[in-house]
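Just so you know, the protein sequences line up as chains S and C, in that order.
Residue 133 in our numbering is what sits at position 133 of the first sequence, and the numbering runs on without skipping anything.
Residue 151 in our numbering is what sits at position 151 of the second sequence, and the numbering runs on without skipping anything.
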Amino acid sequence: MAKPASPSIVVEQKVTAEDYSRAASAVRYFSAPFKRRSFRALIFITVAAVSASLIFSCRSCGFGREKIPETIAIISAAVAAAIWFLQPSAELRSAKRLFSSCALMSLPEKVTVYRDRVVIENSCESITEYWTDFFICVETDEMIAAAGGRERSLVIVKKRGLAEKQLKILSSLFGYAFEGRIHRFPVRRKS
Amino acid sequence: MKPVTVSFAITREDFIKEAEARMKMQLTGSVRACIRICGTIMLCFACSIFVRKKTFYADLNWAAAAIMVVAVFLIFLFIPTLGLAVRKNASERFKAGSIKATAKTVSFAENAVKINAERYKAKIPYSMLYAVYADEATILLYTAVNECRSIPKRTMSISEQEQVEGLLASKLKQKFKQEGAREWMR
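Following this line, the structure appears as structure tokens:
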């Protein structure tokens, strides 16, 4: 008896700069936790707090050098604020610059997802990537993004336009391929 | 025009030369100049400490010497050291087998470059390439800032190399960068 064909999902999509930057930031969030703005800002807030606590001890000891911890505390707090407010826009700019540098990524494409690989086809190229080469996968409400491919470093599969059954199959295919390396962003749950 | 077609597999030497070419592509003339200017400023600052040390603290001599060493490194040794590190890293990565390079056929036709590999098949019009870089050993085809495919020049005859470089220069204009020609092309 012939084996049943392994399930696959075909998605026709056009990735935009916004999709790419969202996918890149979701992947970065899980793949590099030490680069998160909360972590970086927290380091500088800690330095600011430690320096601020030294101001009083310097005053009470009469060293007269409280200007040094004061300056460190102010600079650290300013850096923490700058990281908190500027990092997201800087990351967005960087992702958009990367996307705009690749004319091939903005072409309409057909993505076929299999258990072990993905095939991306557009009018100029056909790419086959195996999931074993990827190091992380992130699923959000809008898309599934996997990073680490040999030919295309970030593969995006958009969920828009897919039926509920197809979404389930797609999710299970990625779940099977990535197992412990898949992260889910449960932003909105349908009631 | 008859297309130039080459078939090859990346060897260790090719991979090292590719890494070197990538480094050269990233270290543009302005970046190299910036590094040397920083070094020169640091050198001048260190010299001023030695010359006018009465206006500074006397114990800054060691700091000035350290700054001078760093400055000399930046001016004369930084780029050769970086090249050595890049070559060593590429060699180790190739030996470790983390490259997984497969055989490729690349064809430079009149309007597009065709690439045929096990996992990648493409016919890319020259206008869709991000940039192309060529040095004495390698041609790098950039499809994005972080995506490039290399073609070792050893796979082409001298006349084929000239034909391909002429074609790339006419089709890509400013997006085609050649080692040695970069400064005057801009």
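Backbone N, C-alpha and C fix where the C-beta goes; we use that ideal spot for every residue, glycine too.
Burial state of residue i (16 or more Cβ within 10 Å)
i, result
"SER7(C)", "exposed"
"SER51(S)", "buried"
"TRP184(C)", "Residue placement at TRP184(C) cannot be trusted, given a pLDDT of 43 that sits under 50; what the coordinates show is reported in the next sentence. With fewer than 16 other Cβ atoms within 10 Å, it is exposed."
"PHE44(S)", "buried"
"ASP14(C)", "buried"
"CYS102(S)", "buried"
"ARG189(S)", "Because ARG189(S) sits at a pLDDT of 46, beneath the cut-off of 50, its placement in the model cannot be relied upon, and the point is left open."
"ALA122(C)", "buried"
"ALA33(C)", "exposed"
"MET42(C)", "buried"
"LYS153(C)", "buried"
"ILE74(S)", "exposed"
"GLY97(C)", "exposed"
"LYS88(C)", "exposed"
Residue i vs residue j beta-carbon contact at 8 angstroms
i, j, result
"ALA147(S)", "VAL27(S)", "yes"
"ARG149(C)", "PHE94(C)", "no"
"LEU107(S)", "ASN122(S)", "yes"
"PRO7(S)", "ILE169(S)", "yes"
"ILE136(S)", "SER31(S)", "yes"
"LYS17(C)", "THR155(C)", "no"
"ASP133(S)", "ARG150(S)", "yes"
"CYS124(S)", "LEU104(S)", "yes"
"VAL11(S)", "LEU162(S)", "yes"
Straight-line Cα distance separating residue j from residue i
i, j, result
"ASP135(C)", "MET128(C)", "21 angstroms"
"ASP116(S)", "ARG119(C)", "14 angstroms"
"GLY83(C)", "ILE35(C)", "15 angstroms"
"ASN116(C)", "ALA78(S)", "52 angstroms"
"GLU139(S)", "HIS183(S)", "6 angstroms"
"ALA23(S)", "LYS171(C)", "33 angstroms"
"ILE99(C)", "ALA64(C)", "44 angstroms"
"ALA19(C)", "GLN178(C)", "16 angstroms"
"VAL118(S)", "ILE10(C)", "24 angstroms"
"SER89(S)", "GLU109(S)", "28 angstroms"
"LEU140(C)", "ARG160(S)", "36 angstroms"
"ILE144(S)", "LEU173(S)", "11 angstroms"
"LEU167(S)", "GLU129(S)", "21 angstroms"
"GLU49(C)", "ASN146(C)", "Position check: residue 49(C) holds Ile in this sequence, whereas Glu was assumed. Each residue's Cα considered, the two are about 43 angstroms apart."
"ARG49(S)", "GLU179(S)", "Looking at the sequence itself, residue 49(S) is Ala, so the reference to Arg does not match. So the two alpha carbons sit approximately 41 angstroms from each other."
"GLN13(S)", "THR105(C)", "29 angstroms"
"THR143(C)", "LYS24(C)", "17 angstroms"
"GLU162(C)", "ALA131(C)", "18 angstroms"
"PHE56(S)", "LEU86(S)", "31 angstroms"
"GLY166(C)", "ARG40(S)", "49 angstroms"
"ASN111(C)", "ILE79(C)", "37 angstroms"
"ILE156(S)", "LEU60(C)", "56 angstroms"
Cβ-Cβ separation, residue j to residue i (assumed contact under 8 angstroms), whole Å
i, j, result
"ILE68(S)", "VAL47(S)", "The Cβ separation is near 13 angstroms, so there is no contact."
"LEU92(S)", "SER21(S)", "5 angstroms"
"MET68(C)", "ALA90(C)", "Not quite, the Cβ-Cβ distance comes to about 32 angstroms (not below 8 angstroms), so this is no contact."
"THR5(C)", "SER107(C)", "4 angstroms"
"TYR194(C)", "ALA21(C)", "Residue numbering for chain C in the displayed model covers 1 to 186; residue 194(C) lies beyond these limits and cannot be assessed."
"ASP19(S)", "LYS158(S)", "7 angstroms"
Residue i: CB within 7 angstroms of a non-hydrogen atom of the ligand HEM
i, result
"ARG115(S)", "For the structure depicted, the ligand HEM is absent and the ligand set is empty, with no information on it obtainable."
is_contact[residue i, chain D] using C-beta, thresh 8 angstroms
i, result
"TYR130(C)", "The question asks about chain D, but that chain is absent: this structure's protein chains are S and C."
Which residues, in chain order, does the stretch 14 to 41 of chain C contribute to contact with chain S at a C-beta distance below 7 angstroms?
For the stretch 14 to 41 of chain C, which is checked against every Cβ of chain S, not one residue is closer than 7 angstroms.
Compile a chain-ordered list of the residues in the stretch 144 to 162 of chain S whose CB is closer than 8 angstroms to at least one CB of chain C.
So the list reads ARG150, GLU151, ARG152 and SER153, given in the order they occur along the chain.
Any residues in the stretch 135 to 167 of chain C with a beta carbon nearer than 7 angstroms to a beta carbon of chain S? Which ones, in chain order?
Of all residues in the stretch 135 to 167 of chain C, only THR143, ALA144, VAL145, ASN146 and GLU147 place a beta-carbon less than 7 angstroms from a beta-carbon of chain S.
Can you list, in chain order, the residues of the stretch 65 to 81 of chain S whose Cβ is nearer than 9 angstroms to any Cβ on chain C?
Along the stretch 65 to 81 of chain S, there is no position whose C-beta sits under 9 angstroms from a C-beta of chain C.
Given a limit of 9 angstroms on CB to CB distance, which residues of the stretch 124 to 137 of chain S reach chain C?
Residues CYS124, GLU125, SER126, ILE127, THR128, GLU129, TYR130 and ASP133.
Could you run through the stretch 114 to 128 of chain C and flag, in chain order, every residue whose CB is less than 9 angstroms away from some CB of chain S?
So the list reads ILE115, ALA117, GLU118, ARG119, TYR120, LYS121, ALA122, LYS123, ILE124, PRO125, SER127 and MET128, given in the order they occur along the chain.
Just by C-beta distance, which residues in the stretch 83 to 102 of chain C are closer than 8 angstroms to chain S?
Cβ contacts with chain S: LYS100.
Residues of the stretch 103 to 116 of chain S with Cβ closer than 8 angstroms to any Cβ of chain C, in chain order
Cβ contacts with chain C: ALA103, LEU104 and MET105.
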